DNA sequence: CGCGTCGTTGAACAGGATCAACACGCGTGG
DNA sequence: CCACGCGTGTTGATCCTGTTCAACGACGCG
């Protein structure tokens with residue numbers, strides 16, 4: 001939250017993600033984490049994780065890698081918000097979301113759940129609610145996506161990527177998943 | 001660089017920083033790194049660093065921590081660009097820069113070198129050059145900073161922080177440095 | 001049935017972008 | 001030594017993308 005009371009959403013975590021890994025080696029938590037759907041959450045104490053990492057360098061490297069990929073996503077969001085205008089920004093978001101969801105096995109035929117309200121989308125993309133609404137309509141009108149009742153279907157993957165100027169490289173997924 | 005040819009600067013590194021740590025555990029580099037001043041750069045092979053981290057869990061944790069702090073800065077930039085308007089955005093940038101510079105011992109009396117052109121600033125803050133110019137003038141007119149010939153002086157630290165809605169917590173510096 | 005959340009729409013507004021000049025300092029080459 | 005070009009900073013005018021405000025409709029749930 002900004003001092004002015006504005007919210008910025010920094011990431012959406014999906015099944016299998018470890019949201020709090022970002023603060024593993026930091027004393028204070030500089031963000032807050034919340035759920036937007038019903039969730040099953042597993043907890044691991046930081047101390048336990050740290051002790052594990054001390055003994056198992058391989059595990060440490062894997063988790064470290066995970067945090068680096070999140071950093072790459074943060075960077076991509078910076079350029080998305082800083083340098084792309086609303087339509088491309090939204091398209092880019094949809095591309096990222098569906099690629100990540102697919103990597104978790106949540107996508108069937110370019111179609112997946114998107115349990116995110118337009119208000120949350122606006123706080124993630126640095127736009128107003130009203131404009132998010134209009135941009136989503138534009139994406140629908142262009143025949144790129146179908147989005148209703150929390151369900152996203154990508155109708156034209158190639159063009160959606162073009163509009164969103166999207167390249168999945170920064171997600172560092174195994175090639176089979178892309 | 002965006003597909004449209006627009007540039008987004010994601011971070012400025014100063015003396016003592018390790019710019020490429022972000023790709024230590026990633027195969028492909030998804031960003032590019034350049035210098036904007038004359039620099040002395042030391043190189044360490046990723047493999048050497050990885051081997052070191054395998055044997056020295058302490059070192060690994062310290063470097064990992066470093067990357068996490070960068071991730072925290074990326075997050076702060078997202079909210080800065082996404083949710084603050086130009087004046088506050090610039091003020092926030094100046095606050096972050098001078099705090100980081102001070103932690104490296106580069107600040108004397110709220111004053112340090114800022115070898116960054118307005119064009120680079122604009123690409124970092126997601127603004128146009130012209131608007132950066134005007135916003136900097138505004139900060140000067142408000143008596144918050146003095147910025148000329150690559151030299152930044154903060155004239156009113158308290159108010160600059162207020163205008164920039166700045167809290168140094170996310171930089172995770174030792175308390176003595178703040 | 002009533003209420004809250006979410007999505008949608010229209011109109012007016014504003015923050016910042018874009019375009020086009022120009023000023024200034026500096027290094028380089030003629 | 002001077003002219004020139006380049007990078008950088010600055011200014012004014014106009015345009016446009018996205019915000020804000022305000023209202024309404026649809027839906028689900030207690």
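Protein chains in written order, with UniProt numbering: chain A, 1 to 178; chain B, 1 to 178. Backbone N, C-alpha and C fix where the C-beta goes; we use that ideal spot for every residue, glycine too. Note that the structure is a prediction, hence the values are computed from the model and not measured.
Between the alpha carbons of residue 6/B and residue 51/A lies a distance of about 44 Å. The C-beta distance from residue 10/B to residue 31/B rounds to 6 Å, short enough to fall under 8 Å.
Here the C-alpha atom of residue 142/A lies approximately 28 Å from the C-alpha atom of residue 13/A. The straight-line gap separating the alpha-carbon atoms of residue 101/B and residue 151/B is approximately 12 Å. Here residue 28/A is exposed, its C-beta having fewer than 16 other C-beta atoms within 10 Å. Beta-bridge annotation (DSSP): residue 112/A is paired with 152/A. Of the candidates 78/A, 104/A and 122/A, 78/A places its Cα closest to the Cα of residue 123/B. Residues of the stretch 1–18 of chain A with a Cβ closer than 8 Å to any Cβ of chain B, in chain order: 2, 3, 4, 6, 7, 8 and 10. Judged by beta-carbon spacing, residue 74/B lies beyond the 8 Å limit of residue 166/A, meaning their Cβ atoms are not closer than that value. Segment contact: the stretch 152–165 of chain B against the stretch 80–92 of chain B, three or more CB-CB distances shorter than 8 Å; contact assigned. Straight across, the Cα-Cα distance linking residue 148/A with residue 20/B is about 42 Å. Pairing residue 8/A with residue 67/A gives a Cβ-Cβ distance that is not under 8 Å. Residue 139/B and residue 91/B have their alpha carbons spaced roughly 8 Å apart. Cβ neighbours of residue 130/B within its own chain (closer than 8 Å, five residues either side excluded): none. Interface residue (Cβ-Cβ distance to chain A less than 8 Å): residue 53/B is classified as such. One finds nothing in chain A with a Cβ atom closer than 8 Å to the Cβ of residue 45/B; even the nearest lies about 16 Å away. Residue state for residue 33/B is assigned as coil, using DSSP reduced to three classes. Approximately 5 Å separates the beta-carbon atoms of residue 170/B and residue 72/B; this is inside 8 Å, confirming the contact. The beta carbon of residue 172/B is closer than 7 Å to those of 69 and 72 in its chain, skipping five residues each way along the sequence. Beta-bridge pairing by DSSP links residue 147/A to 152/A. Counting only runs of 3 or more residues that sit fully inside the stretch 66–134 of chain A, the beta strand (DSSP E) segments are 111–113, in chain order. Sequence-distant Cβ neighbours of residue 46/A in its own chain, meaning closer than 7 Å and more than five residues away, are 24. Per the coordinates, the alpha-carbon of residue 38/A lies some 12 Å from the alpha-carbon of residue 116/A. Nearest to residue 42/B by C-alpha distance, out of 17/B, 59/B, 132/B and 146/B, is 17/B. A distance below 8 Å separates the beta carbons of residue 144/A and residue 159/A. Against chain A, the CB of residue 93/B has no partner CB under 8 Å away; the residue lies outside that interface. In the three-state DSSP reduction, residue 16/A falls in the coil class, being neither helix nor strand. Cα atoms of residue 4/B and residue 61/B: separation of roughly 39 Å, rounded to the nearest angstrom.
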